[in-house]
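A short write-up of the structure that comes next.
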DNA sequence: CCATCTTTGTGCACACGTTCACAAACGCAT
DNA sequence: ATGCGTTTGTGAACGTGTGCACAAAGATGG
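As structure tokens, then:
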């Protein structure tokens, strides 16, 4: 089985209109942009094995997509294939890299050096694609001064200077959720215009700033949903015949629920997981 | 500015048909499922502040979506609101939790205890939503026996026994990409039917197994794309007037490229990033 | 009981994304 | 040159997702 939508955990502000205006300016659909990195990865693997050309069918298989989709995606970039032959691997690697902006150097700051920050600092995938960790930052004095991935952790107060000096335009937030918005504001103020947010919080940013979100727990919840379906479970026994009934019956039920302060169903929900506050999600991970 | 599609980094097999068959079985669109965790997070926050009811407008703002979309999403679950009033927070928390399958306990194994594995093991967001780390596993003898997040790291060989004993149906892969498929096969063999993959690899799984993918570097690449656009850069100078030209001109250009083994463009691409192999992405992160 | 105000639930139109299917383009052998 | 097999590039059909805008439903006050 394969779960649906090729997409799901990122881009916190779902405004396709805005996206369209931005990226379709020269015509590349957002969905295509999201797949380009996949193709690029598959292509680089082929390139290392010195494969000279590849057909849309083969490449699609390697990238885990359908070949028609791949061809259409490439058609937005231009006509880079040769009919009867396929695509020149090296050439395509270059074209996609260029389109994604990976032929230039992108300095990146990572804010919040807990376990996740560490993992990202060490993440080879960054360095190998034009991204360079300009600095690791944290607010916790106990963390500042330690080293991660060969780089010293510096104090948040240096942020503005670092961003200015190295022309950093991309920031990664791996702080606890409570600190995220504050850090975000400061990044934006300092001049960062693209933010990758790992904290489970909705960030508010001014126009002109892009935010993408990666939420570790959302993915797991989506899996749980499908897993539940597989088990054949109707979502649960529940008290819910009323809920699907139309008309006055439902109204009465709603009234009852409110009167009872949520009813027994709600209490059941409250006691179900650990009693811990769910918005503290990352606090265990990030010291600062 | 807000980047488009609310979605983008997960679900490695983009087969909406299959997804539809699975989740629309009782009518909930995949896009809606992906947003339910967002609503749930916002609602739990309200619940902690003891807010009794919330309007679609308020909740939508808190979750970072449009209110019409939110109402439509909820309408797939049933009619849980009260006109003129809004939604009962506690009741909605329960309904969404139930729909997502979070009212039951989901034991999870994490395979590959490097930095990322550590981060996930410590991730409060798991435990607080019905997920329980059943075991941490690694193949590296140096890692086995150490502790992470209060749990001992056990050897891969115990996998089958653990999965069977604790009825684990969800596995998380945080190994280097080279080991991912092998680990995946073993998880599936042991009985795991949902996999969350952090390794930058396309996993092949039999029917009936769900895979979702979280790719840290893809998100960054998408940001770079938009950042490049903001800079007003046409993707690069390039050699590319030919590429958009139709007809025989293009054909000739393609021929030339192939003859030259990729041409100067390709070499430029090859030397652009660090010379490191891109599929080793996670090797620095994960010891095993 | 009626009038008024608020907010939900949803029909509808449109935009976006995916897939099919096929003609045009190319390499290659004869 | 010509014909054959292969593979691209894309027009068109379809399905999904989004957002508007409004009627229906309930709350509230007189």
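Residue numbers (this note's numbering), protein chains in the order written: chain A, 3 to 290; chain B, 3 to 290. Every residue gets a Cβ at the ideal spot worked out from N, C-alpha and C, and that includes glycine. On a predicted model such as this, the values are computed, not experimentally measured, just so you know.
Please state the DSSP three-state secondary structure of residue 41 of chain B.
In the structure shown, residue 41 of chain B sits in a helix (DSSP, three-state: H, G or I).
For residue 66 of chain B and residue 139 of chain A, what's the separation of their Cα atoms in angstroms?
Residue 66 of chain B and residue 139 of chain A: Cα-Cα distance of roughly 27 Å.
Please specify which runs of the beta strand (DSSP E), each continuous and at least 3 residues long, are wholly inside the segment 88–157 of chain B, giving them in chain order.
Qualifying beta strand (DSSP E) stretches, in chain order: 88–90, 108–113, 133–140, 153–157.
Short of 8 Å Cβ to Cβ, which residues in the segment 103–116 of chain B face chain A?
From the segment 103–116 of chain B, only 103, 104, 105, 106, 108, 110, 116 have a Cβ closer than 8 Å to chain A.
Shortest alpha-carbon distance to residue 62 of chain B belongs to which of B/81, B/52, B/39, B/50?
Nearest option by C-alpha distance: B/39.
From what residue to what residue does the beta strand (DSSP E) around residue 198 of chain A run?
Residue 198 of chain A -> beta strand (DSSP E) spans 196–199.
My guess is that residue 155 of chain B and residue 165 of chain B are in contact by the Cβ rule of under 8 Å, so how many angstroms apart are they, rounded?
Not a contact, Cβ separation roughly 16 Å.
Could you tell me the alpha carbon to alpha carbon distance between residue 70 of chain B and residue 59 of chain B, rounded to whole angstroms?
C-alpha separation (whole angstroms): 8 Å.
Quick one: what's got a C-beta closer than 8 Å to residue 82 of chain A's C-beta in the same chain, skipping five residues either side?
The answer, listed in chain order, is 76, 89, 90, 93, 94, 97.
What whole-angstrom Cβ distance do residue 135 of chain B and residue 112 of chain B have, given they're in contact under 8 Å?
Contact holds; Cβ gap of about 6 Å.
Out of A/232, A/153, A/54, state which residue places its alpha-carbon closest to the alpha-carbon of residue 84 of chain A.
Out of A/232, A/153, A/54, A/54 has the C-alpha closest to the C-alpha of residue 84 of chain A.
Give the single residue among A/123, A/128, A/74 whose Cα lies nearest to the Cα of residue 223 of chain B.
The shortest Cα separation from residue 223 of chain B among A/123, A/128, A/74 belongs to A/128.
Rounded to the nearest angstrom, what separates residue 108 of chain A and residue 100 of chain B at their Cα positions?
If I take the Cα positions, the gap works out to 43 Å.
Taking only beta carbons into account, state which residues of the segment 121–133 of chain A come closer than 8 Å to chain B, listed in chain order.
Taking 8 Å as the Cβ-Cβ cut-off against chain B, the residues of the segment 121–133 of chain A that qualify are 121, 122, 124, 125, 126, 127, 128, 129, 130, 131, 132, 133.
Quick one: which chain A residues come within Cβ less than 8 Å of residue 230 of chain B?
Chain A residues near residue 230 of chain B: 102, 103, 106.
Taking the alpha-carbon positions, what's the residue 122 of chain B to residue 192 of chain A distance?
So the alpha carbons of these two residues sit roughly 30 Å apart.
Residue 79 of chain A to residue 215 of chain A, Cα distance in whole Å?
Between residue 79 of chain A and residue 215 of chain A, the C-alpha separation is close to 26 Å.
Quick check on the burial criterion: 16 or more other C-beta atoms within 10 angstroms. Buried or exposed for residue 239 of chain A?
Interpretation of residue 239 of chain A is limited by its pLDDT of 47, a score under 50 that renders its predicted location unreliable; no figure is taken from the coordinates.
How many Å lie between residue 106 of chain B and residue 204 of chain B at the Cα?
Spanning the two alpha carbons is a distance of roughly 30 Å.
Could you run through the segment 180–194 of chain B and flag, in chain order, every residue whose CB is less than 8 Å away from some CB of chain A?
Per Cβ criterion, the list is empty.
Buried or exposed, going by whether 16 or more other CB atoms sit within 10 Å of the CB of residue 219 of chain B?
With 16 or more other Cβ atoms within 10 Å, it is buried.
On a CA-only basis, which of B/180, B/196, B/162, B/175 is nearest residue 47 of chain A? Give me that one, please.
If we check each option's Cα against that of residue 47 of chain A, B/180 comes out closest.
What residues are listed by DSSP as bridge partners for residue 83 of chain B?
In the DSSP output, where bridge partners are listed per residue, residue 83 of chain B has B/89.
Tell me, please, whether the CB atom of residue 58 of chain A is closer than 8 Å to any CB atom in chain B?
No, its Cβ sits nowhere closer than 8 Å to a Cβ of chain B.
Taking 8 Å as the threshold (beta carbon to beta carbon), is residue 246 of chain B in contact with chain A?
Its pLDDT being 48, under 50, residue 246 of chain B is placed unreliably by the model, and nothing is read from it.
On the DSSP letters alone, give me the boundaries of the alpha helix (DSSP H) that residue 224 of chain B sits inside.
From DSSP, the alpha helix (DSSP H) with residue 224 of chain B extends over 218–232.
Does DSSP put residue 164 of chain A in a helix, a strand or coil?
If DSSP states are grouped into helix, strand and coil, residue 164 of chain A belongs with the helices.
Give me the chain B residues within the contact set of residue 214 of chain A, using Cβ-Cβ distance strictly less than 7 Å, ordered along the chain.
Per Cβ cutoff of 7 Å: 5, 221, 224, 225.
Can you tell which of A/34, A/30, A/186 has the C-alpha that lies nearest to the C-alpha of residue 158 of chain A?
Cα-wise, what sits closest to residue 158 of chain A is A/186.
Between residue 221 of chain A and residue 198 of chain B, which are expected to be in contact by the criterion C-beta below 8 Å, what is the C-beta distance as a whole number of angstroms?
So it is a contact: roughly 6 Å between Cβ atoms.
Report the neighbours of residue 172 of chain B on chain A: residues whose CB is nearer than 9 Å to its CB, in chain order.
In chain order: 222, 225, 226, 229.
For a contact meaning CB atoms closer than 8 Å, what does residue 154 of chain B contact in chain A?
Ordered by position in chain A, no residue passes the 8 Å Cβ test against residue 154 of chain B, which lies about 17 Å from the chain.
Whole angstroms are fine: how far does the CA of residue 189 of chain A sit from the CA of residue 210 of chain A?
Rounded to whole angstroms, residue 210 of chain A to residue 189 of chain A spans 13 Å at the Cα level.
Would you list, in sequence order, the uninterrupted beta strand (DSSP E) runs of no fewer than 3 residues that lie entirely inside the segment 53–82 of chain B?
Listed in chain order, nothing qualifies, since the segment 53–82 of chain B has no complete beta strand (DSSP E) run of 3 or more residues.
Helix, strand or coil: which one does DSSP assign to residue 8 of chain A?
Note that residue 8 of chain A has pLDDT 39, beneath the 50 cutoff, so the model's placement of it is unreliable and no number is given.
Along the chain, where does the beta strand (DSSP E) containing residue 173 of chain B start, and where does it finish?
Start and end: 172–175.
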